[in-house]
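The sequence shown begins at 1 in our numbering and counts up by one.
Where is the CB? At the ideal position from N, CA and C, for every residue including glycine.
As the structure is a computational prediction, the values presented were derived from the model and not from experiment.
First comes the structure, then the notes that go with it.
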Amino acid sequence: PNIDSFLGESLYFDGYFNHTAATFRGLRGQLTSSYQTEGGYYRTNDGLGQISGEKLRKKLAGNLVSVPQILEKNGFHTYFLSAHERKEQLNLMLETLEFGSVFGADDFYEGAQRLTDRQLFSVLKELVSGGRLRQPYFLGLYNIGTHLGQNSPDEKYGSGKNTLLNTIRNFDDAFGRFWSSVRDRKDLAVILTADHAAYPSDLYNLTFGTQRSYFADRIPFAVWTGGTGHRVIDAGGRNSLDFAPTLLQMMGIKN
C-alpha cells in the first residue's frame with residue numbers, strides 16, 4: 001500500500017528491467033551505466049565480496065566515470081547508506097565509485113553488522129531530517145531485508161508462513177514510515193528503484209505463479225519530487241543501463 005501510494009504520486013517508468021545481477025554488478029552497473037564482468041561471490045572465492053580490500057581497490061578504482069563523480073563536479077555532496085557494517089567489501093566497492101562518504105550499519109548502531117529494513121529507513125529519516133548531510137546532496141541507499149532467504153523480523157504478511165511475502169510486507173512498512181515523514185517536502189526528490197530483479201527461487205515462482213528461470217525481470221523506477229504529480233512513461237523494455245543518463249538529464253547535467 002505504501003509503495004502503491006508513492007507510485008501514484010510519482011513519475012513512473014513502466015516496462016523497465018534490470019540489465020545485470022546481482023548486487024555488486026547491479027549497483028556498480030547502474031551508477032556507471034556499464035556492463036560489469038566482476039560479480040560479488042564465486043565458488044572459487046575470488047569475487048569482489050571475497051578478495052581483500054587492497055585487491056578490490058586496485059581492480060576497480062578509477063577505471064570508470066560514475067554518477068557520484070559527476071555530481072561532485074557539479075556542486076553536490078554525495079553519500080551512500082549501506083545496510084552492511086562499515087568494513088564490508090560492498091562498501092569498499094562503493095568507495096571506489098568516489099562517493100564523498102559511505103555509511104555502514106555500525107555508524108548508527110554500535111557493533112551492528114546489518115540493519116533491518118526498519119532500522120535502515122529510520123536512519124534515512126534521521127539523515128534527511130537532520131543536519132548531517134551538506135546541501136545539496138545525493139544519497140544512495142541499499143537494503144538487504146528483501147534478499148533471497150530472508151524473513152521479516154518485524155512485519156508479517158497474513159499468517160506469516162510465507163517468508164518472501166513477509167519481507168515484501170516489511171519493506172513496504174519501513175518505506176512507508178519514511179515516506180510519510182517527507183511527503184510534504186518541496187525541496188526533496190525521492191527515487192525508488194532496485195539493483196536487480198528478484199532471484200527466481202522455487203518459493204518466488206510458487207508464490208507468484210511464474211516459471212521464470214533467469215535473473216532478469218521488470219524492476220521499479222519511480223521519481224517523486226514534491227508536487228509534480230503522477231505520470232507513467234513506457235520504458236519499452238529499456239533497462240538499468242539507462243539509469244545514470246536518465247538521472248543526469250533530469251538534473252540538467254549534460255556532457
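Problem - Residues that DSSP places opposite V102 in a beta bridge - result: Position 102 of the sequence shown holds residue 102. Looking at the DSSP assignment, V102 forms a beta bridge with F80.
Exercise for the section: Could you tell me if P245 is buried or exposed, where buried requires 16 or more neighbouring beta carbons within 10 angstroms of its beta carbon? Expected result: Here residue 245 is taken as the residue at index 245 of the sequence shown, counted from 1. Around the beta carbon of P245, a 10 Å sphere encloses fewer than 16 other beta carbons of the protein chains shown; the residue is thus reported as exposed.
Handout entry: Any C-beta of chain D under 8 Å from that of S152
Key = The structure shown contains no chain D; it holds only a single protein chain.
Problem - Helix, strand or coil at R114 according to DSSP, with G and I counted as helix - result: Here residue 114 corresponds to residue number 114 of the sequence shown, with the count starting at 1. Shown here, R114 sits in a strand according to DSSP, grouped into three states.
Exercise for the section: Give the DSSP bridge partners of A189, in chain order. Expected result: Here residue 189 corresponds to residue number 189 of the sequence shown, with the count starting at 1. In DSSP, A189 forms a bridge with T225.
Practice task
Taking 8 Å as the threshold, find out whether the region 84-96 comes into contact with the region 121-132 through three or more Cβ pairs.
Solution key: In short, these stretches do not touch, since the Cβ pair count stays below three.
Practice task
Excluding the 5 residues preceding and the 5 following R231 in the sequence, name in chain order all residues of the same chain whose CB lies nearer than 6 Å to its CB.
Solution key: Looking up residue 231 in the sequence shown gives position 231. L11, listed in sequence order.
Exercise for the section: Starting from R231, follow the beta strand (DSSP E) in both directions and report where the run begins and ends. Expected result: Your numbering for residue 231 matches position 231 in the sequence shown. Under the DSSP assignment, R231 falls in the beta strand (DSSP E) whose first and last residues are 231-234.
Handout entry: Environment of T167 [buried if 16+ CB atoms lie within 10 Å]
Key = Taking the first residue of the sequence shown as 1, we reach residue 167 at position 167. Residue environment: T167 is assigned as buried (16 or more neighbouring CB atoms within 10 Å of its CB, all protein chains considered).
Problem - Inter-residue spacing [alpha-carbon to alpha-carbon] between P136 and G75 - result: Start at 1 with the first residue of the sequence shown, and residue 136 comes out as number 136. Start at 1 with the first residue of the sequence shown, and residue 75 comes out as number 75. Taking the straight line joining both Cα atoms gives about 7 Å.
Problem - Boundaries (first-last residue) of the beta strand (DSSP E) holding F175 - result: Along the sequence shown, one-based indexing puts residue 175 at 175. For F175, there is no enclosing beta strand (DSSP E); the residue is part of the alpha helix (DSSP H) that begins and ends at 163-182.
Practice task
Between the Cα of F13 and those of A194, G100, F108, spot the shortest distance and give me the residue it belongs to.
Solution key: Numbered from its first residue, the sequence shown carries residue 13 at position 13. Comparing alpha-carbon positions, the option among A194, G100, F108 lying closest to F13 turns out to be A194.
Handout entry: 6 Å CB neighbourhood of V38 in its chain, flanking five on each side removed
Key = For the purposes of this step, residue 38 is taken as the residue at position 38 of the sequence shown. The sequence shown places Glu at residue 38, not Val. Apart from sequence neighbours up to five positions away, the residues of its chain that approach E38 with a beta-carbon distance below 6 Å are L48, ordered along the chain.
Exercise for the section: Give me the Cα-Cα distance between R218 and F171, rounded to the nearest whole angstrom. Expected result: One-based indexing of the sequence shown puts residue 218 at position 218. One-based indexing of the sequence shown puts residue 171 at position 171. Whole-angstrom Cα-Cα distance: 18 Å.
Practice task
Taking F243 as part of the alpha helix (DSSP H), name the residues at either end of that continuous run.
Solution key: In the sequence shown, counting from the first residue as 1, residue 243 sits at position 243. Unbroken alpha helix (DSSP H) run through F243: 243-250.
Practice task
Please report how far the alpha carbon of F138 lies from the alpha carbon of S33, in whole angstroms.
Solution key: Translated into positions along the sequence shown, residue 138 becomes position 138. Translated into positions along the sequence shown, residue 33 becomes position 33. Taking the straight line from one Cα to the other gives about 17 Å.
Exercise for the section: Please report how far the alpha carbon of R177 lies from the alpha carbon of G53, in whole angstroms. Expected result: Sequence index remark: in the sequence shown, residue 177 carries index 177 (1-based). Sequence index remark: in the sequence shown, residue 53 carries index 53 (1-based). Rounded to the nearest whole angstrom, the C-alpha separation of R177 and G53 is 35 Å.
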